[in-house]
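Novice: Right, I'll just put the structure down here and ask away after.
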Amino acid sequence: MPSIDPVADDGDDCHNNNNNSVKKFRARRRRRGCAQLTSSLPLLLLSAVGCLCNPDAKRLYDDLLSNYNRLIRPVSNNTDTVLVKLGLRLSQLIELNLKDQILTTNVWLEHEWADHKFIWEPLEYGGVKELYVPSEHIWLPDIVLYNNADGEYVVTTMTKAVLHYSGKVMWTPPAIFKSSCEIDVRYFPFDQQTCFMKFGSWSYDGNQINLKHIGQLVGTNKVDVGIDLSAYYPSVEWDILGVPAERHEKYYSCCAEPYIDIFFNITLRRRTLFYTVNLIVPCVGISYLSVLVFYLPADSKEKISLCITILLSQTMFFLLISEIIPSTSLSLPLLGKYLLFTMLLVALCVVVTIIIINIHYRQPSTHKIPSWMRTVFIRALPKMLLMRVPEQLFGRFSTETETYEDLQKIKP
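For the sequence shown, the working numbering begins at 2 and goes up steadily by one.
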């Protein structure tokens with residue numbers, strides 16, 4: 002019977018386990034390598050196709066920008082003027098802050114000009130007629146918002162520009178502008194506001210850059226529809242009544258050259274439903290409550306309380322309006338004038354109510370009728386109203402002894 006060596010058996014088992022582990026490790030590596038090759042193969046194919054897909058556009062890009070200097074104005078002669086056409090496309094009216102007098106808009110600023118260095122023959126480049134290039138690589142007009150109310154005067158999102166084979170360059174970057182706007186709150190909340198956005202070149206004068214509206218006709222500087230509203234998202238608070246634009250040439254005392262700018266005007270009308278329901282109707286309703294104070298009997302102790310409650314409510318609405326409108330002393334809104342006037346009337350109502358209650362609780366033992374009141378109500382008024390005064394009362398009429406009980410004897 003053969004002997005069994007347990008040590009040798011253990012060694013064989015360990016050797017077999019090691020071989021199995023090595024085989025499994027190699028199999029995993031082969032599977033991983035195949036997976037990586039499979040995932041990278043489409044990328045290699047796409048890159049190869051991309052290199053061979055549009056070589057004409059790449060060659061055109063290299064030819065146009067190889068010796069191009071983006072810091073030089075695109076003119077053949079230094080005395081020539083670059084014609085820059087400017088347009089504005091309104092995407093959204095974000096906010097009109099009455100307190101800070103700032104209009105926030107989301108717009109697309111359309112630029113169009115000609116660059117003689119970007120002229121090519123499409124047949125020489127495989128029929129390529131347009132080329133999209135990063136705007137950082139070409140010359141751009143330094144158009145800024147003059148009436149800016151924020152830290153950013155220029156466009157911050159540098160999108161690609163479109164080059165046409167004729168030399169025309171089109172660049173339409175999006176931007177969010179905050180422009181200052183003078184607010185007139187005289188007819189708040191039934192008001193109309195006219196804001197403008199003033200664009201112009203910051204560095205170049207009118208002899209270097211001739212700025213015109215993209216829809217401007219020959220012989221006129223005004224455009225009736227100066228802002229494109231085709232992609233406008235309607236505001237929930239404002240309606241747009243008009244968007245004219247106008248080109249200006251301004252001369253300064255320091256310089257002989259003109260400086261050109263374009264005004265894009267926006268006329269807005271407020272939608273009044275929110276303010277009518279939440280502000281005007283409560284104000285008018287509370288004001289009419291002051292009339293009901295005089296219908297309460299004099300014995301009621303709530304006459305003064307009702308007057309003071311109405312006065313406090315109107316004060317709250319007045320403070321609410323003062324938080325909405327700008328802090329200016331030029332004009333006070335009609336709604337504020339109405340509240341101020343009704344507050345004075347309610348204050349007068351409080352005074353009259355106090356007098357009525359004081360008279361109601363007077364007693365004959367403590368208060369005597371003044372002589373002027375006896376003269377008016379015993380002598381003058383009875384004659385005017387054709388009332389008969391008792392002879393005994395009239396005979397012993399005295400300014401010192403007549404009391405309230407004597408007046409009760411007067412009968413019509």
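Heads up, the beta-carbon is just placed ideally off N, CA and C, and yes, glycines get one too.
None of the values given here were measured: they were computed from a predicted structure.
Determine, using beta-carbon pairs with one atom in the segment 287-298 and one in the segment 264-274, whether at least three such pairs fall under 8 Å.
Specialist: With the cut-off at 8 Å, the segment 287-298 and the segment 264-274 do not touch.
Novice: Confirm, please, whether the CB-CB distance from S181 to N148 is below 7 Å.
Specialist: Mapped onto the sequence shown, residue 148 falls at position 147. Mapped onto the sequence shown, residue 181 falls at position 180. Against a cut-off of 7 Å, the Cβ pair of S181 and N148 comes out as a contact.
Novice: Run the CB neighbour count on I360, radius 10 Å, all protein chains shown included, and call it buried at 16 or more, exposed below.
Specialist: As a first step, residue 360 is located in the sequence shown; it is residue number 359 there, counting from the start. I360 should be labelled exposed.
Novice: Provide the residue(s) that pair with S180 in DSSP beta bridges, ordered along the chain.
Specialist: Locating residue 180 in the sequence shown gives position 179, counting from the first residue. L104, N149.
Novice: Does the Cβ-Cβ distance between P174 and T195 come in under 7 Å?
Specialist: Here residue 174 refers to the residue found at position 173 when the sequence shown is read from its first residue. Here residue 195 refers to the residue found at position 194 when the sequence shown is read from its first residue. No.
Novice: The alpha helix (DSSP H) that contains D64, what's its start and end?
Specialist: Working through the sequence shown from its first residue, we reach residue 64 at position 63. That run of the alpha helix (DSSP H) goes 56-66.
Novice: In the DSSP assignment, find the unbroken alpha helix (DSSP H) run with I379 in it and report its ends.
Specialist: Taking the sequence shown and counting its residues from 1, the one referred to as residue 379 is at position 378. That residue, I379, is in no alpha helix (DSSP H); it is neither H nor E in DSSP.
Novice: I210 and T82 look like a contact to me (Cβ under 8 Å); what is the Cβ gap, rounded to whole Å?
Specialist: Taking the first residue of the sequence shown as position 1, residue 210 is located at position 209. Taking the first residue of the sequence shown as position 1, residue 82 is located at position 81. Yes, they are in contact, since the Cβ atoms of I210 and T82 sit about 7 Å apart, within 8 Å.
Novice: Flag this pair as touching only if the segment 81-98 and the segment 62-73 have three or more C-beta atom pairs under 8 Å; answer yes or no.
Specialist: Output reads no: the segment 62-73 does not touch the segment 81-98.
Novice: Helix or strand or just coil, what does DSSP make of Q193?
Specialist: Taking the sequence shown and counting its residues from 1, the one referred to as residue 193 is at position 192. Note: Q193 maps to strand in three-state DSSP.
Novice: Got a sec, what are the start and stop residues for the alpha helix (DSSP H) S92 sits in?
Specialist: Looking up residue 92 in the sequence shown gives position 91. Taken as a continuous stretch (DSSP letters only), S92 belongs to no alpha helix (DSSP H), being part of the beta strand (DSSP E) at 83-98.
Novice: The beta strand (DSSP E) with T268 in it runs from where to where?
Specialist: Taking the first residue of the sequence shown as position 1, residue 268 is located at position 267. Counting along the chain, the beta strand (DSSP E) containing T268 begins and ends at 260-271.
Novice: Below 7 Å between beta carbons: does that hold for I1 and L99?
Specialist: No answer is possible for residue 1: the residues shown for the chain start at 2 and end at 413.
Novice: From F119 to G201, what does the alpha carbon distance come to, in whole angstroms?
Specialist: Position 118 of the sequence shown, counted from the first residue, corresponds to residue 119. Position 200 of the sequence shown, counted from the first residue, corresponds to residue 201. Taking the straight line from one Cα to the other gives about 24 Å.
Novice: Which same chain residues, not among the five before or five after V226, have their C-beta less than 7 Å away from its C-beta?
Specialist: Translated into positions along the sequence shown, residue 226 becomes position 225. Excluding residues within five positions, the ones whose Cβ falls inside 7 Å are V244.
Novice: Any idea what DSSP makes of L38, helix, strand or coil?
Specialist: As a first step, residue 38 is located in the sequence shown; it is residue number 37 there, counting from the start. For L38, the pLDDT reaches just 43, beneath the cut-off of 50, and the residue's location in the model is therefore unreliable, leaving the point undetermined.
Novice: Return yes when the Cβ of K179 is within less than 7 Å of the Cβ of I103, no when it is not.
Specialist: By one-based count along the sequence shown, residue 103 stands at place 102. By one-based count along the sequence shown, residue 179 stands at place 178. It is a contact, given that the beta carbons lie within the stated cut-off.
Novice: Y234: which of P383, V108, V85, D101 sits nearest, CA to CA?
Specialist: Here residue 234 corresponds to residue number 233 of the sequence shown, with the count starting at 1. Selected option, being the one with the closest Cα: V108.
Novice: Pull up the DSSP beta-bridge partners for D229, would you.
Specialist: Taking the sequence shown and counting its residues from 1, one reaches residue 229 at position 228. Beta-bridge pairing links D229 to R90.
Novice: Label W203 either buried or exposed according to how many other C-beta atoms from any shown protein chain fall within 10 Å of its C-beta, with 16 as the threshold for buried.
Specialist: As a working note, residue 203 is residue 202 in the sequence shown. Exposed is the call here.
Novice: On a CA-only basis, which of T157, V186, W373 is nearest I177? Give me that one, please.
Specialist: By 1-based counting over the sequence shown, the position of residue 177 is 176. Per the Cα distances, T157.
Novice: Shortest alpha-carbon distance to F197 belongs to which of M374, L335, D63, L89?
Specialist: Start at 1 with the first residue of the sequence shown, and residue 197 comes out as number 196. The option with the nearest alpha carbon to F197 is L89.
Novice: Any idea what DSSP makes of V352, helix, strand or coil?
Specialist: For the purposes of this step, residue 352 is taken as residue 351 along the sequence shown, with counting starting at 1. Note: V352 maps to helix in three-state DSSP.
Novice: Under a three-way DSSP split, which group does G286 fall into?
Specialist: Here residue 286 refers to the residue found at position 285 of the sequence shown. Helix, per DSSP.
Novice: Who are the near neighbours of E303 in its chain, counting only those whose CB is closer than 8 Å to its CB and skipping five residues on each side?
Specialist: The residue given as residue 303 occupies position 302 in the sequence shown. Excluding residues within five positions, the ones whose Cβ falls inside 8 Å are L297.
Novice: Does any CB atom of chain D fall closer than 7 Å to the CB of V278?
Specialist: The structure shown contains no chain D, having only a single protein chain.
Novice: Does the pairing of the segment 330-341 with the segment 371-384 give three or more beta-carbon distances under 8 Å?
Specialist: These segments do not touch.
Novice: What do you get for F342, buried or exposed, if any count of 16 or more other CB atoms within 10 angstroms of its CB means buried?
Specialist: Taking the sequence shown and counting its residues from 1, one reaches residue 342 at position 341. Looking at its Cβ environment, which holds fewer than 16 other Cβ atoms inside 10 Å, F342 is exposed.
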